[in-house]
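Accompanying notes for the structure given below.
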Amino acid sequence: MGDRTLRLRGGEGMKRTSVGLTAELIEEISREKGEPRWMLEHRLRALEIFRELPMPRFGPDLSEVDFSDISYYLRTVEPVGSWEELPEEIRRTFEELGLPEAERKALAGLGAQVDSEVVYRSILEEVRAQGVIFEPMEEALKNHPDLVREHFMKVIPPEDNKFAALHGAVWSGGTFVWVPEGVEVAIPLQAYFRMQTQGVGQFEHTLIVAEPGSSVHYIEGCSAPRYTKAALHSGMVEIVVKEGAHVRFTTIQNWSRNVYNLNNKRAVAYAGATMDWVSGSLGSKVTMLYPSTILAGKGAKTENLSFSFARNGQWLDLGAKAIHLAPDTSSRLVSRSVVQGKAKSVFRGKLYVAPEAKGAKGHVECSTLLLSPEAETETIPTLDVRNHEVEVGHEATVGRVSRDQLFYLMSRGLDEAEALSLIINGFVSPILKEIPFEYAVELKRLLEMSFAEAIG
Amino acid sequence: MVVTVEGKKILKGISLSLEKGKIHALMGPNGSGKSTLAFALAGHPDYLIEEGRIFLNSEDITKLPPHERARRGLFLGFQYPPEVEGVRLREFLRLAAANCHEPFCEFQKLYLESLAYFRMDELGERELNVGFSGGEKKRSELLQMRVLRPKVALLDEPDSGVDVDGLRLIAAGIEEAARLGTAVLLITHYPRILEHLPISKVFVLDDGHIVREGGPELAWEIERSGYEAVRG
């Protein structure tokens, strides 16, 4: 497979499972991690479900994903206590990504995963002292077994869909966050995922439990070097937002253009709770991502903001769902998509309002900006409303950059690329302004780079 | 100059020159080609110059793209400035000023001062032209001119849709620009704004030709007798 050899610490060497998906492989992963019996059983059950479920019957072509030709587990690097201890190549990558700097300046905690395992994690002492748990899933499974078991794959069970089942069988890495009652984590926690090695799949599991009245902002970013071979990323995020708590989950996805990014993300929000999703999708070959919130308690709220920039050869199949199960719940799903070259962008906005969700309010708004004649877009709203005491609305627009706008900006001295870039930035600004400043800057830079690349 | 738009000849052979620090009025009935002249001079790609050339300070700019003309000091104040969602006026103008070689600190000072000058303080952080009233759009165009300090300003109906107070501000802005050395071509239907300004020359455009040229008295003649009467 032409693996790159990385200098390793700890003397144990690189640990990689055989290629392919079998019960023996699952047992090997579980044994390697020293997991409790219930988790192994969960994995094996999920594998059975995976085998029974069909591939998704909608969206992009996934025929290139070959489940028999993926390394499901790869420990590239031993966990370390400081950046300096990481192998040179990995350390340099993280430095270029600005992670150590962000950790010093703007974060309450940071976790970094390479391939299948978390290799670095830190948490501010004052945050730890508040009782906040921020640990790699494997550690949390050992340190807080009951807490993990109570919630693990309860928001998204393996039966939900084929990739949820796959994830349940082979998950590795990811983060467990638990915020005690009434605790507000003032600055964000961040996780960074890196797929470093060719042929490896990444299946990190993120579980966040916010106890009543607490609040936390969690940010995840990701990247990978570009390989020619298709790679699979299938992470899962489960969030439990208890009464009156507030969780904000921000993702900035910049996978290289050989990655199939097929994720499951879902939150359940109880009475008076607020769940906010902010998703920026720039990379990957194919993405399927539909962050959902189940509004399970009276007065629960969700905001789901998505922006994407699809370029040549990409199919970004995005969406957002709000499931209103309780009275006076509200949701706002907003999307801004930019499509350049021969690429496709889809937005599936789904609102379900149950008969008992009287007084629910829901709003879906998606706008697309097409930059080329071959660019394709589709907006698929589904409003399933089962009672009459609701306010729901949907709006969708598709536009192109108008010649008049372009000429106007150019008549002030901006060249064409600057003018287009300004128009695009302006178009996505309703979402960008929701992203913390440090990340918005990085994101703008990424957008500008992507854009410069797109117009050649 | 001969200009066609979508294959239709709009300007049929006109010639004019503008003098530094002077205000020139371009008048004419609807559809006479006034806006076409402004767009063609500024380099709009839909306005094709079939014959003739444009010189800015003896440099031939006929073939330059719009942003290169702007960087050399040409400014077009739009009759209908488009809205640009999500782009703040300040942010946009800072970028424009940087391209026109205005250093940042200078920009900041000039920008704030110009906001106050045109009584636009509340618009400074708003999105470019989004939800601006007609009058606000016109003041915003003048503000941009004031910050960019062009050598030549083509102002396409800066007075239409503007109330009396707004008109005074706009006239003051134009006069100031001329005083600072800008050659102004003021395109207007109505002589009203000309009452507030020292006009050095009036051109009357009709059906793609300049049919009359004269001093400010020509504007009063139009005011009294209409375009029919002055049409050569």
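As given, the protein sequences belong to chains A and B, one line each in that order. Taking this note's numbering, the leading residue of the first sequence gets 1, the next gets one more, and so forth. Taking this note's numbering, the leading residue of the second sequence gets 1, the next gets one more, and so forth. C-beta: ideal position from N, C-alpha, C; glycine also. Owing to the predicted nature of the structure, the values given are computational and were not obtained by experimental measurement.
Check, Outcome
"Residues of chain A with CB closer than 7 Å to the CB of E85(B), please, in chain order.", "G426, F427"
"Excluding five sequence neighbours on each side, which residues of the same chain lie with their C-beta closer than 6 Å to the C-beta of W171(A)?", "F203, H205"
"Is the distance from the Cβ of V130(B) to the Cβ of E51(B) below 7 Å?", "no"
"Starting from the Cα of P45(B), find the closest Cα among F407(A), D66(A), I423(A) and give me that residue.", "F407(A)"
"What number of angstroms, rounded off, separates the C-alpha of H394(A) from the C-alpha of F307(A)?", "17 Å"
"S367(A) by DSSP, collapsed to three states: which one?", "strand"
"Please check if any C-beta of chain B sits within less than 7 Å of the C-beta of R445(A).", "no"
"Chain B partners of S122(A), CB-CB under 8 Å?", "Here the premise fails: no neighbours, minimum Cβ distance about 36 Å."
"Please report the straight-line C-alpha distance between Y120(A) and G135(B), rounded to a whole angstrom.", "58 Å"
"Name the chain A residues that come within less than 7 Å of F78(B), Cβ to Cβ?", "Y408"
"Report back the beta-carbon spacing between S234(A) and E184(A) to the nearest angstrom; my notes put them in contact at under 8 Å.", "Actually they are not in contact, since the Cβ atoms of S234(A) and E184(A) sit about 32 Å apart, beyond 8 Å."
"Taking the CB atoms as reference points, tell me whether L189(A) and A108(A) lie closer together than 7 Å.", "yes"
"Cα separation between L185(B) and V204(B)?", "12 Å"
"Run the CB neighbour count on R412(A), radius 10 Å, all protein chains shown included, and call it buried at 16 or more, exposed below.", "buried"
"Quick check on the DSSP output: what are the complete alpha helix (DSSP H) runs of length 4 or more inside the stretch 350-412 of chain A, in order along the chain?", "403-410"
"Does the beta carbon of N99(B) sit closer than 7 Å to a beta carbon anywhere in chain A?", "yes"
"With DSSP collapsed to three states, give me the class of E78(A).", "coil"
"Can you name, in chain order, every residue of its own chain whose Cβ lies under 6 Å from the Cβ of D121(B), other than the five neighbours on each side?", "L115"
"Taking 7 Å as the cut-off, decide whether the C-beta atoms of L207(A) and L446(A) are in contact.", "no"
"Span of the beta strand (DSSP E) holding Q79(B)?", "Element bounds for Q79(B): n/a, residue is neither H nor E."
"What residue range does the beta strand (DSSP E) around E51(B) cover?", "47-51"
"Grouping DSSP H, G and I as helix and E and B as strand, with all else coil, what is N304(A)?", "strand"
"Quick one: grab the DSSP three-state call for H209(B).", "strand"
"In terms of residues, what are the limits of the alpha helix (DSSP H) holding M39(A)?", "37-52"
"If we define contact as Cβ-Cβ less than 7 Å, is S116(A) a contact residue for chain B?", "no"
"Which residues in chain B have a C-beta closer than 7 Å to the C-beta of Q405(A)? List them in chain order.", "P82, V84"
"If we ignore side chains and look at the alpha-carbon of each, how far apart do G34(A) and G174(A) end up?", "16 Å"
"Would the beta-carbon of G181(B) fall within 7 Å of that of K8(B)?", "no"
"Quick check: what's the CA-CA separation for I240(B) versus G299(A)?", "Nothing about residue 240(B) can be read from this structure; chain B reaches only from 1 to 232."
"Please return the same chain residues whose Cβ sits closer than 6 Å to the Cβ of T397(A), not counting the five positions on each side in sequence.", "S367"
"Determine which residues of the stretch 40-57 of chain B have a Cβ less than 9 Å from any Cβ of chain A, and write them out in chain order.", "A42, G43, H44, P45, D46"
"Figure out for me which residue from I219(A), V338(A), L99(A) has the closest Cα to the Cα of N312(A).", "V338(A)"
"Could you tell me which residues DSSP pairs with M27(B) in its beta bridges?", "T188(B), V204(B)"
"Given that a residue counts as buried once 16 or more other Cβ atoms are within 10 Å of its Cβ, and exposed if not, what is H388(A)?", "exposed"
"Where DSSP assigns a beta bridge to P136(A), which residues make up the other side?", "T175(A)"
"Near A229(B), which residues of its chain fall below 6 Å by C-beta distance, leaving aside the five closest residues on each side in sequence?", "none"
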